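> In our numbering, the protein residues as written are 42 to 512.
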Amino acid sequence: MSSTTPRVRTRFAPSPTGFMHLGNIRSALYPWAYARHHGGDFILRIEDTDTERSTEESVQVILQAMEWLGLGYDEGPYYQMQRMPRYREVLEQLRQAGMVYPCYMSTTELDALRERQLAAKQKPRYDGTWRPEPGKVLPPVPAGVQPVWRFRTPTTGTVSWHDYVKGRVEIRNDELDDLVVARPDGTPTYNFCVVVDDIDMGITDVIRGDDHVNNTPRQLHIFNALGATPPRYAHLPTVLNEQGEKLSKRHGAKSVLQYRDEGFLPDAVVNYLARLGWSHGDAEIFSRAQFLEWFDLDHLGSSPAQFDEAKLRWLNAHYIKHTDGTVLADLVRPLLWAQGVVAESPDLSAVCELLRDRAQTVNELADQAHLFYRPTVPDAEQLAHHLSDAGRAALAELRDAMRNLAPWSREAIAATIKEVLKRHGLKMPQLAMPLRLIVTGREQTPAVDAVLALFGQDVVLARLDAYLGAA
Ligand code: GLU
Numbered sequence: 042m043s044s045t046t047p048r049v050r051t052r053f054a055p056s057p058t059g060f061m062h063l064g065n066i067r068s069a070l071y072p073w074a075y076a077r078h079h080g081g082d083f084i085l086r087i088e089d090t091d092t093e094r095s096t097e098e099s100v101q102v103i104l105q106a107m108e109w110l111g112l113g114y115d116e117g118p119y120y121q122m123q124r125m126p127r128y129r130e131v132l133e134q135l136r137q138a139g140m141v142y143p144c145y146m147s148t149t150e151l152d153a154l155r156e157r158q159l160a161a162k163q164k165p166r167y168d169g170t171w172r173p174e175p176g177k178v179l180p181p182v183p184a185g186v187q188p189v190w191r192f193r194t195p196t197t198g199t200v201s202w203h204d205y206v207k208g209r210v211e212i213r214n215d216e217l218d219d220l221v222v223a224r225p226d227g228t229p230t231y232n233f234c235v236v237v238d239d240i241d242m243g244i245t246d247v248i249r250g251d252d253h254v255n256n257t258p259r260q261l262h263i264f265n266a267l268g269a270t271p272p273r274y275a276h277l278p279t280v281l282n283e284q285g286e287k288l289s290k291r292h293g294a295k296s297v298l299q300y301r302d303e304g305f306l307p308d309a310v311v312n313y314l315a316r317l318g319w320s321h322g323d324a325e326i327f328s329r330a331q332f333l334e335w336f337d338l339d340h341l342g343s344s345p346a347q348f349d350e351a352k353l354r355w356l357n358a359h360y361i362k363h364t365d366g367t368v369l370a371d372l373v374r375p376l377l378w379a380q381g382v383v384a385e386s387p388d389l390s391a392v393c394e395l396l397r398d399r400a401q402t403v404n405e406l407a408d409q410a411h412l413f414y415r416p417t418v419p420d421a422e423q424l425a426h427h428l429s430d431a432g433r434a435a436l437a438e439l440r441d442a443m444r445n446l447a448p449w450s451r452e453a454i455a456a457t458i459k460e461v462l463k464r465h466g467l468k469m470p471q472l473a474m475p476l477r478l479i480v481t482g483r484e485q486t487p488a489v490d491a492v493l494a495l496f497g498q499d500v501v502l503a504r505l506d507a508y509l510g511a512a
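(1) Should Gln105 be flagged as near chain D, meaning a C-beta pair shorter than 8 Å?
(2) Could you tell me how far apart the beta carbons of Arg77 and Gly117 are, in whole angstroms, since I believe they sit closer than 8 Å?
(3) Across the segment 49-59 and the segment 241-248, are there enough close Cβ pairs to call them in contact, namely three or more that are closer than 8 Å?
(4) Give me the residue from Val236, Leu104 and Ala184 with the minimum Cα distance to Arg124.
(5) Between Val392 and Cys234, what straight-line distance do the alpha-carbon atoms span, to the nearest angstrom?
(6) Taking buried to mean at least 16 other C-beta atoms within 10 Å of its own C-beta, is Asp89 buried or exposed?
(7) Buried or exposed: where does Met469 fall if 16 or more other Cβ atoms within 10 Å of its Cβ makes it buried?
(8) Going by other Cβ atoms of all chains shown within 10 Å of its Cβ, with 16 needed for buried, is Pro375 buried or exposed?
(9) Look at the alpha carbon of Leu306 and the alpha carbon of Thr402, and state the distance between them as a whole number of angstroms.
(10) Buried or exposed for Leu70, please, with buried defined as at least 16 other CB atoms from any protein chain shown within 10 angstroms of its CB.
(11) Could you say if the segment 205-222 and the segment 99-116 meet the contact criterion of at least three C-beta pairs nearer than 8 Å?
(12) Roughly how many angstroms lie between the CA atoms of Asp252 and Thr279, to the nearest whole one?
(13) In angstroms with no decimal places, state the Cα-to-Cα distance between Ala160 and Asp152.
(14) When every heavy atom of the ligand GLU is checked, does at least one fall within less than 7 Å of the C-beta of Pro118?
(15) Are His276 and Val206 closer than 8 Å when you measure CB to CB?
(16) Any idea what DSSP makes of Pro175, helix, strand or coil?
(17) Given a cut-off of 8 Å on the beta-carbon distance, is the pair Ala269 and Ile240 in contact?
(18) Using only alpha-carbon positions, find the residue among Thr194, Phe348, Ala400 and Arg464 that is nearest to Met140.
(19) If you draw a straight line from the alpha carbon of Arg477 to that of Pro419, how long is it in whole angstroms?
(20) Which one or two residues does DSSP pair with Pro144 in a beta bridge?
(21) What residues match up with Leu341 in a beta bridge as DSSP calls it?
(22) Using three-state DSSP, classify Tyr114 as helix, strand or coil.
(23) In terms of residues, what are the limits of the beta strand (DSSP E) holding Glu211?
(24) Considering Cα atoms alone, identify which of Pro183, Tyr414 and Ile361 is closest to Ala384.
(25) For Ile326, which three-state DSSP category applies?
(26) Report the start-end ranges of each alpha helix (DSSP H) in the segment 382-440 that is 4 residues or longer and not cut off at the edges.
(27) Buried or exposed, going by whether 16 or more other CB atoms sit within 10 Å of the CB of Val310?
(28) Mind reading off the beta-carbon distance from Leu220 to Arg259? Whole number of angstroms is fine, and I expect it under 8 Å.
(29) Along the chain, where does the alpha helix (DSSP H) that runs through Tyr508 open and close?
(30) Closest to Ala503 by CA distance: which of Thr486, Thr481, Val489 and Gly176 is it?
(31) Considering Asp246, what are the terminal residues of the beta strand (DSSP E) in which it resides?
(32) Could you check what DSSP says for Ala294 in three-state terms: helix, strand or coil?
(33) Rounded to a whole number of angstroms, what is the C-alpha to C-alpha distance between Ser429 and Lys463?
(34) Is Ala473 a contact residue of the ligand GLU, with contact defined as CB to any heavy atom under 7 Å?
(35) Could you pull the start and end residues of the alpha helix (DSSP H) that His359 belongs to?
(36) Where Asp490 and Arg433 are concerned, what is the direct C-alpha to C-alpha distance, given to the nearest angstrom?
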């Protein structure tokens with residue numbers, strides 16, 4: 042045995058048969074992180090052998106989701122449909138070794154067998170009619186029928202593995218029947234292709250959803266038959282939705298790309314998904330680099346994780362708050378553009394920096410930025426409600442003081458407002474509310490001094506003049 046541990050190689054092997062929700066992409070995140078943690082390779086393999094259900098559109102969704110989340114792969118995408126000759130070749134090896142045999146049982150016969158077993162309260166399973174055994178006489182081969190090929194599964198003993206999540210799993214071989222590995226037209230079946238791929242791609246660790254746990258004993262037998270060392274396995278518990286149902290489109294789960302379109306940041310989603318089934322002490326918020334440094338298979342959760350959109354939003358808000366204004370501006374600009382808003386002045390980075398504390402998504406940030414690029418005319422009634430005569434006099438004085446203000450900074454504006462309030466014996470809202478309304482048309486904005494500073498002296502004075510009449 043070699044003393045060097047083989048280079049870690051993991052894979053994400055999605056079937057492009059439709060929808061991809063956050064639980065699905067978590068099955069990409071963990072193998073990706075595991076490979077990165079160990080300086081190994083992460084491989085993308087598209088399992089498209091279900092030709093009825095696989096679509097190019099759903100391949101694109103997978104590729105886009107991975108790109109958006111920054112889950113780069115070192116090899117692939119491999120497509121199983123392009124590897125058919127290889128599967129046939131390996132099948133032929135098994136045939137020559139007597140590990141697979143033709144089975145001519147028709148669907149009608151299989152159905153009848155199933156009914157008999159169910160009636161006798163037995164688990165429905167193939168009964169080995171066509172399995173060759175020494176001294177056994179097989180039924181006559183029916184004319185003109187193409188057989189399926191079945192794998193000769195050991196009938197005694199057990200098959201077992203150490204699962205990172207489930208611990209030791211052991212299955213009695215007499216629980217398993219002889220799996221069909223090739224259809225009558227010779228096309229190989231799912232479990233067989235997975236094993237050939239995992240061998241050919243040198244996969245050392247399979248990290249996948251626990252909906253595959255029943256396939257594992259069957260796959261292990263195929264590994265053995267091919268004389269290959271099986272990978273290590275981690276079967277991730279399902280993700281449940283807020284109602285405790287399995288996360289699925291049918292139960293209202295959103296697609297990964299919808300989160301992108303709603304303005305979630307990839308780092309926030311990665312952080313959220315990292316914690317959805319794995320933990321590092323109490324750490325809730327951590328960078329991608331930290332995650333990759335910490336990620337292991339020993340701290341995977343063994344009970345189903347529950348998706349919580351409110352927590353994801355909270356985390357996204359945190360990431361937005363800590364993202365540079367220039368980075369946010371690059372995300373917000375195209376959104377504003379699409380809404381017909383050209384964000385030229387004030388500077389969008391500064392606007393994003395001011396607004397980022399109050400937005401849970403980039404889309405919310407863009408909506409709030411309208412404040413600076415789409416001022417609305419103040420509502421006369423609202424303004425009358427907020428503006429007393431005393432307030433009006435103070436406002437006129439403030440306008441005059443601001444006319445000569447240099448530099449035009451948030452601090453200087455704040456100090457000027459304070460002085461005027463003091464002189465007139467007014468409280469902050471008595472001046473700040475009408476000021477907000479006149480300059481932005483809105484009652485709610487971030488701190489008024491910051492907002493005025495961003496709008497710039499000319500714009501603020503022009504709007505006050507328009508309302509108060511030029512002095
Ligand atoms: N193609 C399978 C799926 O999408 C995953 C198979 C595997 O990871 O072994 O569920």
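For glycine and all other residues, C-beta sits at the position ideal for the given N, C-alpha and C.
The structure presented is a predicted model; accordingly, all values stated were derived computationally and were not measured.
Quick look at the numbers:
(1) In the displayed structure, chain D is absent; only one protein chain is listed.
(2) Actually they do not touch by this definition, with Cβ atoms about 16 Å apart.
(3) yes
(4) Val236
(5) 53 Å
(6) buried
(7) exposed
(8) exposed
(9) 8 Å
(10) buried
(11) no
(12) 8 Å
(13) 12 Å
(14) no
(15) yes
(16) coil
(17) yes
(18) Thr194
(19) 9 Å
(20) It is worth fixing the name first, because residue 144 is Cys in this sequence and not Pro. The partner list for Cys144 (beta bridge, DSSP) reads Val189.
(21) Trp319
(22) coil
(23) Gly208 to Arg213
(24) Tyr414
(25) coil
(26) 389-396, 403-414 and 421-427
(27) buried
(28) 5 Å
(29) Gln498 to Leu509
(30) Thr481
(31) Asp246 to Gly250
(32) coil
(33) 16 Å
(34) no
(35) Glu350 to Lys362
(36) 18 Å
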